[in-house]
Amino acid sequence: MIIDACGLSCPQPVILAMNAIKDNKSYFQIIVDSNVASENVKRLAESKGYNIQMEIIDEKIQLTLTK
Amino acid sequence: MARKTFSQFLASSWGIIVTGAVIGILAPILQKFGNPPNMGICVACFERDIAGAIGLHRVSIVQYIRPEILGFVIGSMIAAFIFREFKARTGSAPIVRFILGVFAMIGALCFLGCPWRALLRLTGGDINAVLGLLGLTIGIGIGDQFLKYGYNLGRSYKTYFSAGLIMPIIMFGLLILLILHPKFTQDGAVFFSEKGPGSMHAPIIISLVVSLIIGFIAQRTRFCTMGSIRDVLLVGDLHLMRGIIALVITAFLTNLALGQVHFGIQGQPIAHSNHIWNVLGMTLAGLAFVLAGGCPGRQLILSGEGDNDAGVFVLGMITGAAFAHNFDLAGKPDKIVEGLTQAGGPSFAGMIAVIIGIAVCLAIGFTMREKI
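Sequence order for the protein chains is D and B. All residue numbers for the first sequence refer to numbering that gives the first Met the number 0, where the first residue is 0 and numbers rise by one. All residue numbers for the second sequence refer to numbering that gives the first Met the number 0, where the first residue is 0 and numbers rise by one.
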């Protein structure tokens, strides 16, 4: 699953990530376009025990979360 | 490399704690240097003073171009440029944000302070601040429910670089008006109060340096009072809350060291003890902050890094301040007459305005939901 959270201000990206976590997704990607959103999603994912891989593509940040 | 290490430090838990502590220490010091009591920094009050200085309202005791507001925006812009985070963006429901700004200010001025000042009032011994903070938490709690059920104002989009500079340039313009203090007509703007809270201010250079520092680190750490409560309630995230706790502890100790702590409920400086309206005013403000995505301080920081949506909210707040004083909606401080304290609070019109504001915010929350 890929979540596009570009242009959404916080906490929207975090809420979208949280919904995916609630659905027990063991693998999903979320694309954000600000460092703030990336930091917030990372903090949430770490607290829920996910591994995070970060990739920057065309000024956008793609976070891959796996458990 | 040093820049990256510094950036990582500020993004950590320690970064947010340092930010809270810096505000907690510097705000009471600004008060010592001349800012009004328990108002070392107040984003709502200071934007209100700016509205008065340029004549949007004519209440002669609250008119001054507060350098702190300019410094927050410009400090944030400098940080955003250095760390390559300046991004001109716009387009997410501007008029809704404007209205939210107007009512956020009406709510904050009913209580007499933004969340930063609520914390500073508390650390100066003003127990009424507890009620303000309670209201703030209630408002944020209500806003969180809307967020959970799909409320959002849509996406913002990249815009022209120069568009992102508009808010910082407005602040530079205000800085020029502050320094030159021109009189455009004999009895006209620019107005600076000769008595009352508006006349009390630290030297410009000190206010500017302090606010540039705060603007800079707040941009790096995303310090936000509303966000701290929102994140605890919504996702159980304590990150931003650590900054608030640091602010409260350091501000209390600094106030203590400077002899600025006076515990009490009635007759506190530029505050009223009308409990219901302290709660309801801040309930409105808290709700409006959540729906708009940031406390007044955070909105200034965002507008400095190119976020025009935050800029629209700031302009809404300044306009709201004009309404609050032109229509006599703002809370009136307690008065001491012949040794007796007369409780202040909002006028009847002020109460109605707060209720209308809550109704408008609820309507926005209920009707602006979608699956993204």
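Ideal Cβ placement from N, Cα and C applies to all residues, glycine included.
Element boundaries [beta strand (DSSP E), containing D:Phe-27]: 26-31
Terminal residues of the beta strand (DSSP E) in which B:Val-336 lies: 334-336
Contact residues within the stretch 34-45 of chain D, judged by C-beta distance below 7 Å to chain B: Asn-34, Val-35, Glu-38, Arg-42, Leu-43
Under the three-state DSSP convention, the category B:Ile-213 falls into: helix
Residue nearest to D:Cys-9 in terms of C-alpha spacing, selected from D:Ala-36, D:Met-0, D:Asp-57: D:Ala-36
Residue range of the alpha helix (DSSP H) that includes B:Thr-340: Not the alpha helix (DSSP H): B:Thr-340 falls in the beta strand (DSSP E), residues 339-341.
For D:Pro-12 and D:Ala-4, the rounded distance between their alpha carbons: 5 Å
Neighbour flag for B:Tyr-159 against chain D, beta carbons, 8 Å: no
Interface partners of D:Asp-6 on chain B, CB under 9 Å: Asp is not the amino acid found at residue 6 of chain D; the sequence shown has Gly there. What D:Gly-6 touches in chain B: Arg-88, Gly-90, Ser-91, Gly-153, Arg-154, Ser-155, Tyr-156, Lys-157.
Residues of its chain near B:Ser-6, where Cβ-Cβ distance is below 7 Å and the 5 sequence neighbours each way are ignored: Phe-82, Arg-219
Straight-line gap, B:Val-129 to B:Leu-119 (C-alpha atoms, nearest Å): 11 Å
Continuous beta strand (DSSP E) stretch holding D:Thr-63: start and end: 59-65
CA-to-CA distance, B:Asp-48 to B:Glu-193, given in whole angstroms: 13 Å
D:Asn-34 - DSSP class collapsed to helix/strand/coil: helix
Selection from D:Asn-39, D:Asn-50, D:Lys-59 that minimises the alpha carbon distance to B:Leu-237: D:Asn-39
B:His-238 at chain D interface by Cβ criterion, 8 Å: yes
CB contact below 8 Å: D:Gln-11 versus chain C: Within the model displayed, chain C is absent; protein chains D and B are what it includes.
Chain-ordered residues of the stretch 10-29 of chain B with a beta carbon less than 7 Å from chain D: Ala-10
B:Asp-186 (DSSP reduced to helix, strand or coil): coil
Buried/exposed call for B:Met-166, threshold 16 Cβ in 10 Å: buried
Where B:Lys-3 sits in the DSSP three-state scheme: helix
Which of helix, strand or coil DSSP assigns to D:Glu-54: strand
Residues near B:Val-61 by beta carbon distance below 8 Å, same chain, minus five either side: Cys-44, Arg-47, Asp-48, Gly-51, Ser-192, Gly-195, Pro-196, Gly-197, His-324
Residue span of the beta strand (DSSP E) that contains B:Ile-175, given as start and end: Element bounds for B:Ile-175: not the beta strand (DSSP E) but the alpha helix (DSSP H), 165-179.
6 Å Cβ shell around B:Ala-188 - same chain, five flanking residues per side excluded: Ile-53, Gly-54
Segments assigned alpha helix (DSSP H), at least 4 residues, entirely inside the stretch 5-59 of chain B: 12-31, 42-52
Element boundaries [alpha helix (DSSP H), containing B:Ile-64]: Neither: B:Ile-64 is in no alpha helix (DSSP H) and is coded neither H nor E.
The ligand GDP heavy atom lying under 7 Å from the CB of B:Ile-137: The model on display carries no ligand, and the ligand GDP is accordingly not part of it.
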